[in-house]
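In this note's numbering, the protein residues as written are 1312 to 1699.
For each residue, glycine too, the CB sits at the ideal point set by N, CA and C.
A quick note: this is a predicted structure, and the numbers were derived from the prediction, not measured.
This report concerns only the one structure given below.
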Amino acid sequence: MSSNRKIALLTVGRSDLGLYETIINLIENDPELDLQLLVTGSHFDSRFGNSVEEIEKKGINYTKGLEMLLSSDSPQALGKSMGLGVISISQAFAEKKPDILLVLGDRVEMICGPLAAINFNIPICHIHGGAVTEGAVDDMIRHAITKMSHLHFVSSEVYKNRVIQMGEESWRVFNYGAPGLDRIDKKKLLNKDEISGKLNIDLNNPTILVTFHPVTLELKDKEIQIENLLSALDKFTYQKIITYPNNDVGNEYIIQKINEYKSKYPEKVVLLKNAGNLMYLSLLNNVTMMVGNSSSGIVEAASFGLPVINIGTRQKGKVEPPNVITTTYEIDSIVEAMKIAYENSISQKFKNLINPYGDGKASERIVNKLKTIQINNELIRKKFIDIN
């Protein structure tokens, strides 16, 4: 039996898989660590591109049979999915007996891992705690995971202070940066001609990358939000590459509307269920601007100097780099910001922008801490630190 430290890493969809990429590679190639990759959630959903295929293409072993997903975007179905997730992950823990659980972000599916782990006294390490996203249920999920976690790998001093403010001991909190930046190697990305060939679109012409997710605390407004976005896009003759939303409650209406938009402009619109890590980063490096409400517009896009239009409240509260313009959901607000973004793109205003979310070495720091932290009562028994 191997004496290596066993790291269980939970991935629940395409949104976290790319961010984990360098961490997964480092753990896999470390002779003193064993990776236990727990794959569940929307990875197995054909509506979102079956992103588990990305894992299989790389030949990475993962734990199969972790049932979670139900094919509906209703609150009831999501609640049932969470219950299934806790059961399945608990079964995996009983079999695999990991030493540490690594989780990332704030997806509702992600909290199933910590909920299962606390019953096994498995130390939980959380990436990207301390952020704020006022427009999404994710905010509550993220903070709940923080309180269940034993180590916190945050991406800014603001977020570090916020985790400590939540009563966490300061020695548990590390500002290592955003691991999603570590995978960015512009030499390995697809160029414009390669992207154009794969997507049948000429990226030498102005092109907008659009990613819009449900705003889970504003579901009653989901119709007007996506319709206003599409109306704003109508004001520009540029090409559009639109990615599918995540599988949050409310995704089905957005999917319906973007498919209708694709049918309306078949020659000008490319629709991607799952762009994949390489393609998505390559698009960030080559399009004219990004429009929507994805965290990638806040965190990763700055590394490419890409102008970003951040619509609405989904990301409200996050540290915004200067390449980001935040708008309301009003058509005029979006259109005016897009005009500015186009001028900034032409002038390459943000060409030399330094990304505030890290230096590209977060994954090394995280894996080293996973490898060296002593697993003992001091780690497991958390104290709440009151603010004097």
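Discussion item. Does residue 1559 come out as helix, strand or coil in the three-state DSSP assignment?
Written reply: Reduced to three states, the DSSP call for residue 1559 is coil.
Discussion item. What ranges does the beta strand (DSSP E) occupy inside the stretch 1370-1410, keeping only unbroken runs of at least 3 residues that lie completely in it?
Written reply: DSSP runs (the beta strand (DSSP E)) wholly in the stretch 1370-1410: none.
Item to complete: Would you list the residues sitting across from residue 1435 in a DSSP beta bridge?
Response: 1412, per the DSSP bridge assignment.
Practice prompt. Report the option in 1654, 1452, 1487 whose CA atom is closest to the CA atom of residue 1469.
Written response: In this structure, 1487 is the residue among 1654, 1452, 1487 with its C-alpha nearest to the C-alpha of residue 1469.
Practice prompt. Drop a sphere of 10 angstroms on the beta-carbon of residue 1643, count the other beta-carbons inside from all chains shown, and report buried for 16 or more, exposed for fewer.
Written response: With fewer than 16 other Cβ atoms within 10 Å, it is exposed.
Discussion item. What does the Cβ neighbour count give for residue 1692, buried or exposed, with the cut at 16 atoms within 10 Å?
Written reply: With fewer than 16 Cβ atoms within 10 Å of its Cβ, residue 1692 is classed as exposed.
Fill in: Stretch pair the stretch 1586-1596 + the stretch 1490-1503: three plus CB contacts closer than 8 Å
Touching, yes.
Worksheet entry | Simplified DSSP state of residue 1457, which is helix, strand or coil | In the three-state scheme derived from DSSP, where H, G and I count as helix and E and B as strand, residue 1457 is classed as helix.
Worksheet item: Is it buried or exposed for residue 1679, if we count other Cβ within 10 angstroms and need 16 for buried?
Response: With fewer than 16 other Cβ atoms inside 10 Å of its own Cβ, residue 1679 counts as exposed.
Fill in: Nearest to residue 1345 (by Cα), restricted to the options 1360, 1527, 1362, 1314
Cα-wise, what sits closest to residue 1345 is 1314.
Worksheet item: For residue 1552, which residues does DSSP report across the bridge?
Response: For residue 1552, DSSP records a beta bridge to 1520, 1581.
Practice prompt. Closer than 8 Å by C-beta to residue 1529: which residues in its own chain qualify, once you throw out the five before and the five after it? Chain order, please.
Written response: Setting aside the 5 residues that flank it on each side, residue 1529 is surrounded in the same chain by 1446, 1536, 1623, 1624, each with a C-beta closer than 8 Å to its C-beta; the list follows chain order.
Worksheet item: Quick check: the stretch 1398-1418 against the stretch 1428-1436, are there 3 or more CB pairs under 8 Å?
Response: Enough Cβ pairs lie closer than 8 Å, so yes.
Worksheet item: Starting from residue 1526 and walking both ways along the beta strand (DSSP E), at which residues does that stretch end?
Response: First-last for residue 1526: undefined, no H or E at that position.
Discussion item. I'd like to know whether the C-beta atoms of residue 1582 and residue 1573 end up nearer to each other than 9 Å.
Written reply: Yes, Cβ-Cβ distance for residue 1582 and residue 1573 is below 9 Å.
Discussion item. Counting C-beta neighbours from all protein chains within 10 Å, is the total for residue 1557 16 or more, i.e. buried, or is it exposed?
Written reply: When all chains shown are included, residue 1557 counts as buried.
Worksheet item: Tell me which same chain residues have a C-beta within less than 7 Å of the C-beta of residue 1525, skipping the five on either side of it?
Response: Excluding sequence neighbours, residue 1525 sits near 1533, 1556, 1559, 1560, 1561, 1562, 1565.
Worksheet entry | Three-state secondary structure (DSSP) of residue 1568 | Here residue 1568 sits in helix by DSSP.
Item to complete: Pull up the DSSP beta-bridge partners for residue 1635, would you.
Response: 1619, per the DSSP bridge assignment.
Practice prompt. Kindly indicate which residue of 1632, 1451, 1551 has the alpha-carbon position closest to the one of residue 1601.
Written response: Selected option, being the one with the closest Cα: 1551.
Worksheet entry | Integer-rounded CB distance, given that residue 1392 should sit under 8 Å from residue 1377 | In fact, because the Cβ distance is near 12 Å, the residues do not count as touching under 8 Å.
Practice prompt. For my contact list, residue 1351 and residue 1406 are in at a C-beta cut-off of 8 Å; report their separation, rounded to the angstrom.
Written response: Not confirmed; about 15 Å, so no contact.
Worksheet item: Contact check, residue 1649 vs residue 1609 under 8 Å by CB: the rounded distance?
Response: About 17 Å separates the two Cβ atoms, so there is no contact after all.
Worksheet entry | Beta-carbon proximity of residue 1674 to residue 1326, cut-off 9 Å | Judged by their CB atoms, residue 1674 and residue 1326 are not nearer to each other than the 9 Å cut-off.
Worksheet item: residue 1463 bridges to which residues according to DSSP?
Response: BP columns for residue 1463 point to 1437, 1484.
Item to complete: In angstroms with no decimal places, state the Cα-to-Cα distance between residue 1465 and residue 1578.
Response: The alpha-carbon atoms of residue 1465 and residue 1578 are separated by roughly 42 Å.
Worksheet item: In the structure shown, what three-state DSSP assignment does residue 1648 receive?
Response: In this structure, residue 1648 counts as helix in the three-state DSSP scheme.
Item to complete: From the DSSP output, in three-state form, read off residue 1500 for me.
Response: Residue state, collapsed to three classes: coil.
Item to complete: Grab me the residues of residue 1510's own chain with a C-beta within less than 6 Å of its C-beta, minus the 5 sequence neighbours each way, in chain order.
Response: 1581, listed in sequence order.
Worksheet item: Does DSSP put residue 1531 in a helix, in a strand, or in coil?
Response: Three-state DSSP puts residue 1531 in a helix.
Discussion item. Can you check which of these residues, 1696, 1336, 1514, is closest to residue 1599 by C-alpha distance?
Written reply: It is 1514.
Item to complete: Under the assumption that residue 1489 contacts residue 1668 (Cβ atoms under 8 Å), give the Cβ distance between them as a whole number of angstroms.
Response: 4 Å between Cβ atoms; contact.
Discussion item. Looking at the secondary structure, which residues open and close the beta strand (DSSP E) in which residue 1673 lies?
Written reply: Per DSSP, residue 1673 belongs to no beta strand (DSSP E); it is in the alpha helix (DSSP H), 1673-1683.
Discussion item. Cutting at 6 Å between CB atoms, please list the residues of its own chain near residue 1462, excluding the five before and the five after it.
Written reply: Non-local beta-carbon contacts of residue 1462 in its own chain, meaning distances under 6 Å to residues more than five positions away in sequence, involve 1436, 1483 in chain order.
Practice prompt. May I ask you to report which of helix, strand or coil DSSP gives residue 1590?
Written response: Secondary structure of residue 1590 (DSSP, three-state): helix.
Worksheet item: Helix or strand or just coil, what does DSSP make of residue 1333?
Response: Residue 1333 falls in the helix class under three-state DSSP.
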